[in-house]
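Chains as they are written, first to last, in numbering that gives the first Met the number 0: chain A, 0 to 161; chain B, 0 to 161; chain C, 0 to 491; chain D, 0 to 491. Glycine residues also receive a C-beta, built at the ideal position from the N, C-alpha and C atoms. Every value quoted in this text rests on a predicted model; they were computed, and no experiment measured them. One structure is given below, encoded as structure tokens.
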Amino acid sequence: MRYRCRIGARELELDVDADGGVRVDGAPLEADVARIGPLVWSVILAGRSHEIAVLEREPLRVRLDGRDVVVDVADERERAAIGRAGGDTRPYEVRAPMPGLIVAVHVREGEVVEAGGSVCTLEAMKMENELTVPRRGRVATLRAAAGAKVNGGDLLAVIAAE
Amino acid sequence: MRYRCRIGARELELDVDADGGVRVDGAPLEADVARIGPLVWSVILAGRSHEIAVLEREPLRVRLDGRDVVVDVADERERAAIGRAGGDTRPYEVRAPMPGLIVAVHVREGEVVEAGGSVCTLEAMKMENELTVPRRGRVATLRAAAGAKVNGGDLLAVIAAE
Amino acid sequence: MFKKVLVANRGEIAVRIIRACRDLGVATVAVYSDADRGALHVRFADEAYRLGPAPSSESYLKVGAIVDVARRTGADAVHPGYGFLSENPHFADACAAAGVAFVGPPPTAMRALGEKTAARRLARDAGVPTVAGLMQATTEASQLRRDAAAIGLPVVLKAAAGGGGKGMRVVQDERELDGAIRNAMGEAASAFGDASLYLERYVAQARHIEVQFVADGRGGIAWLGERDCSLQRRHQKLIEESPGPSVDERLREQLGEAAVRLARASGYVNAGTAEFLVDVNGAFYFLEVNARLQVEHPVTEAVTGIDLVALQLRIAAGEPLPFTQDDVVRRGHAIECRISAEDPERGFVPSAGLIPFVREPAGPGIRVDSALYPGAVVPTEYDPLLAKLIAHGRDRAEAIARMRRALRETVVAGVRTTIPFHEFALAEPDFVRGAYDTEYVAAHWPSPTPAQPSDGVAAAAVVATLARRRHAEPSTTDASTWRRSAREDALR
Amino acid sequence: MFKKVLVANRGEIAVRIIRACRDLGVATVAVYSDADRGALHVRFADEAYRLGPAPSSESYLKVGAIVDVARRTGADAVHPGYGFLSENPHFADACAAAGVAFVGPPPTAMRALGEKTAARRLARDAGVPTVAGLMQATTEASQLRRDAAAIGLPVVLKAAAGGGGKGMRVVQDERELDGAIRNAMGEAASAFGDASLYLERYVAQARHIEVQFVADGRGGIAWLGERDCSLQRRHQKLIEESPGPSVDERLREQLGEAAVRLARASGYVNAGTAEFLVDVNGAFYFLEVNARLQVEHPVTEAVTGIDLVALQLRIAAGEPLPFTQDDVVRRGHAIECRISAEDPERGFVPSAGLIPFVREPAGPGIRVDSALYPGAVVPTEYDPLLAKLIAHGRDRAEAIARMRRALRETVVAGVRTTIPFHEFALAEPDFVRGAYDTEYVAAHWPSPTPAQPSDGVAAAAVVATLARRRHAEPSTTDASTWRRSAREDALR
């Protein structure tokens, strides 16, 4: 099985064959993987020891040797599907990270938001928080309304490919 | 449901009714029980806060407010069964706590051992260890043989009621 | 010494206080909201009583309910921790009325220091330098405009009734002044029920240096060194250290002496902290007195070897200071990093939720004061502080190295935390050479060159291919996972 | 400083050494047996290499394989920890031959101190008092009988080639002598491949006091205070503390001076420990030098503020001592409790297995050096030490109080540990007043009055009724468990 992984600025291609052999960008590596607990793994790759703790899923965020990194993995079948659709077009949901008050909404439905742009401002835990989008897209759905109280997890907007 | 519990030198009778009310030796107590994790519990009994961590099962050994205690519980149905047979007659198994060498056997089959008496001496981890019985009983089965190598968990003897 | 202390707080500081009580052989009573039933402070205390639902106003701020629990349980003292009711003189009064000792300063001192311009006058009268500015608060915008003109811009508007950055505004440009006054008054009114403001000259590139002092109410007063708390974001401290890397022996003595003068002038008893700004020329100005235990007290404990919470309890129980100023010997250097449930990659937005796994650091020179445990749920209702890491070393370099090691060992799954910020700062050249001030965070974070993952990206990728399987059941060490999983993949 | 250090050990001490390396910015190479693939030291190191199956003889004792890994990875130093190869001069030779620095004394000093009667002669010649006894080991029983008669009973038979209580016998009665000689020779022959014995007068009610010293090989030598390690069971230490509660300043200086003389006489370089017996009159006698890092080194680190492992690495890298004797300032009191996988209720029989849950203590004055984690499996093949708790306080009373608090917070599920013994000792009046010697454990344990459970027996009973349900699934905080379970019971 071939995987395409993006970790920070690094992209790499991972080939895993049926007996556990690994090739990274084509180069074979000796891999020894041990699961330490439900969320903790130890991987020894060609002698280098790495500890990986799963912090969050979807997107997968792990702590790798004491650094938080987001790992974006797609196997060749998923990639083929995305490739056919032309780039990563999966819609992205903006949800309230915690209960609070929407004090301002900065976009309208149909509007295009740049990567890092703010959809709305949520006041929670006595602070104002900008809820931003990770990549450029169009506001397909907008649920956030200024003055509304929201619960953690509430859907505020859906951002789709333009 | 009524339970009979033995903890150290203390014996107490616990009545648990269907809505969670507790009586200890007949006296009603306000009980607030929270499970913190798979092995950790918090119990607030009439304002007193207790933390209980399960260390081992069968017999149940817990850490209660920083003290290791063994809790022996039987509900009224089990007690009735035991009562009919006259006291705690469940046979007790002596097993090797770890791999090692039996250097001496101190009992013969059919012999009566006092509580705390040693069945055999196991040399393991470079130390000699006496394997003792928790209550007086008769050696119903003896598997331990001097000079034998054993694995952890191996049955060495069964002690039954006299 | 007291027989039983009620701890009127939650989180790491409640655990900290319970530990001090246990060390002294004093029984403890915890109080808790519904959000904290499973919390460590509830489990570690000898007794525990529910206050009410999660919101602070219905639980940890309920003066009557807390005093009631103290009376009912026969507690002879209440320790308020920091935040919540710790600087509320009504609470101290209520404790006194119920015959329960309040572990903190007398209400008179609390009141004298609580109104910020009153505290400024007290400092001025005691001969402690204050920043140029008003000595009386006002709700008159015209008065504030006149004073701003007299002092000259930039100025800082501050709420007279409170702290924590609420109602505070830096004004650089005259055109911003009217709007800033309006905003600050609104904020102060809603936060403290009092719109009064005062203003001070803004001190640029200042260091926030504070001095820990203790007074026993019998004339015994000592100061225990300083802490540099300049590393703040929006007046919220992130990293503190002692000694201050920019503080020389002369300045230290001056600050210590000023703190003692403030303690004497306010009739202070128990532990308190005098906060100062130090400008680029080394001149210092009184800011305010925090009339309670500080979050960052452990750095002082590490350096002096004195248990401040135990000392607070001793003083409140009427004991004299067990040492004199000359007995206070500082050793080495200590740094504290606050691990909060905030996402430093998104403007420190608070984060909440279940923490399925946590690993705290340990080993030489590391202390952890924490409320974390696997299965903990971070509620949204309270301050986001989860844990404090304190590193102590022979010198600043060793303390930094140990803190970096400790941060690397730490894992908090399930919520975002300030750990990535701390990892950045502890390796950032300006911080490492001690060249930072209150403007550091705004100037340095987010980092223009984000941290690069280690050479382990391939290892993380391997785990990612495994971790995305939903059927991967929890297991203990299982070196065969990899091969089995690879075979499964091949069969898909 | 080195670029990369191979850590030739496992468990808590391997983690400890990796932490020191990380603080110094030195890369680390771990080695492991099949039993340790998931161990913390493997995960914390930068590199990790398998040595072989679990038995030490096929893994951690394989000189060739370890030196091979060092050469292959480009490690420029090897830290042996304690135990395993740490006092094996052949290993030190092999490292030297491979051009890898050995973090420990030179093989010459190791050899001079390794044969116990040679060490006694060295001490005698250096003017350090030794216990009356043989200065040459022998395999002649008749010689030992003659010497026993000359010295007078009671005597201790000791193996010349080793330590750790192997081949050691106290003989109180002449009729036991022949049997004891036979047994001790047999034990020594099988443990060390050398049946040679010597004997010494038995010192009753002695204290085991040891002195930490460091020497840089350039003339710089310092001693760092003493440790009282009298609390032993069958020569296995359980609790250590510094300073020794019975050691006054005069004795301390004498012991320190003796340690320095031994270091000089043996040409010692790096950190070492001189062990002494101190009798009831305060007279002291040299026992042996431990030419390596000791398990109990953290109590000295706590009291002096010196990182001994970092210092070992600096010395091995050729750096001079960064302090002189006068710079060594002791502060407060530190105690260490060894948490081992042994059942103190059954004669300290070793315990092994899976640890499904562990909680280590934290907070003020507590350091934990540990190899534990949830899911860890304690193997049967190695020393049962799992973790060390170190409590530091301003004085002995504070250190004891903090240790008691730490023990109470500690939970290790799945295996029996020495925690109940420590809880007993830390509250036992003789220990608390510092009145203990090497006979303490035999005289006090098992306790004739076993610890009584708290008033929480009813709470434990409630949990017992719930925990025995096999279908009770793991969950996070779930306050409704109790009621639901009660209902289920009613329906049974």
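Own chain residues within Cβ distance below 6 Å of residue i, not counting five before or after
i	result
A:P90	V157, A159
D:Q211	L223, T272, T299
D:G364	A390, H391, G392, R401
B:D153	A95
D:A290	E86, P104, M109, L112, G271
B:V39	A52
A:G151	A95, M97, P98
B:A33	S41
C:H234	G164
Residue-level contact to chain B via CB, residue i, 8 Å cutoff
i	result
D:Q231	no
C:A47	yes
Counted within 10 angstroms of its Cβ, other Cβ atoms place residue i as buried (16 or more) or exposed
i	result
A:K148	exposed
C:S55	buried
D:R404	buried
D:H421	buried
D:G192	exposed
C:Q311	buried
D:A412	buried
C:Q293	buried
Below-8 Å beta-carbon distance, residue i vs any chain C residue
i	result
B:R56	no
B:E161	no
D:P242	no
D:R71	no
D:D394	no
Same chain, Cβ closer than 8 Å to residue i, five either side skipped, listed in chain order
i	result
B:N128	P96, G99, T120, L121, E122
D:V202	V130, L276, D278, Y284
D:E397	G331, H332, G364
Nearest-angstrom beta carbon gap, residue j and residue i [assumed within contact, 8 Å]
i	j	result
C:L384	C:G10	6 Å
D:R415	D:A361	D:R415 to D:A361, Cβ: 23 Å. No contact.
D:E209	D:E225	6 Å
C:A270	C:L307	6 Å
D:D278	D:A179	Rounded, the Cβ-Cβ distance is 22 Å, inconsistent with contact.
C:A375	C:A386	Between C:A386 and C:A375 the Cβ distance is about 10 Å, and since that is not below 8 Å, they are no contact.
C:A97	C:R70	5 Å
A:V118	A:L130	5 Å
Chain-order list of residues whose beta-carbon lies under 7 Å from that of residue i (same chain, five-residue window excluded)
i	result
D:V62	L84, H89, F90, A93
D:N259	A quick correction: the sequence has Val, not Asn, at residue 259 of chain D. Once the five neighbours on either side are set aside, the close Cβ partners of D:V259 are F212, I220, W222.
D:A122	T129, L261, F285
D:I12	G80, Y81
D:G162	E287
Proximity test, Cβ basis, 8 Å: residue i and chain D
i	result
B:P98	yes
A:R62	no
B:H105	no
C:R469	Any reading at C:R469 needs caution, since the residue's pLDDT is 44, under 50, leaving its predicted position unreliable; the model's value is listed next. No, no contact with chain D.
C:E438	no
Min CB distance residue i to chain A below 8 Å
i	result
D:P373	yes
For this session: Taking only runs that begin and end inside the stretch 280-350 of chain D, name each unbroken beta strand (DSSP E) of 3 or more residues, in chain order.
Result: 283-289, 332-339
Problem set entry | Positions along the stretch 27-43 of chain A whose CB lies within less than 7 Å of some CB in chain F | Of the chains in the structure shown, none is chain F; the protein chains are A, B, C and D.
For this session: May I have a chain-ordered list of the alpha helix (DSSP H) segments no shorter than 4 residues that lie completely inside the stretch 42-77 of chain D?
Result: 62-72
For this session: May I have a chain-ordered list of the alpha helix (DSSP H) segments no shorter than 4 residues that lie completely inside the stretch 381-456 of chain D?
Result: The stretch 381-456 of chain D contains these whole alpha helix (DSSP H) runs: 395-408, 418-424, 428-431, 439-443.
Exercise. What are the uninterrupted segments assigned as alpha helix (DSSP H) that are 4 or more residues long and contained completely in the stretch 85-161 of chain D, given in chain order?
Worked result: Contiguous alpha helix (DSSP H) elements confined to the stretch 85-161 of chain D occur at 88-96, 106-113, 115-124, 140-150, taking only those with 4 or more residues.
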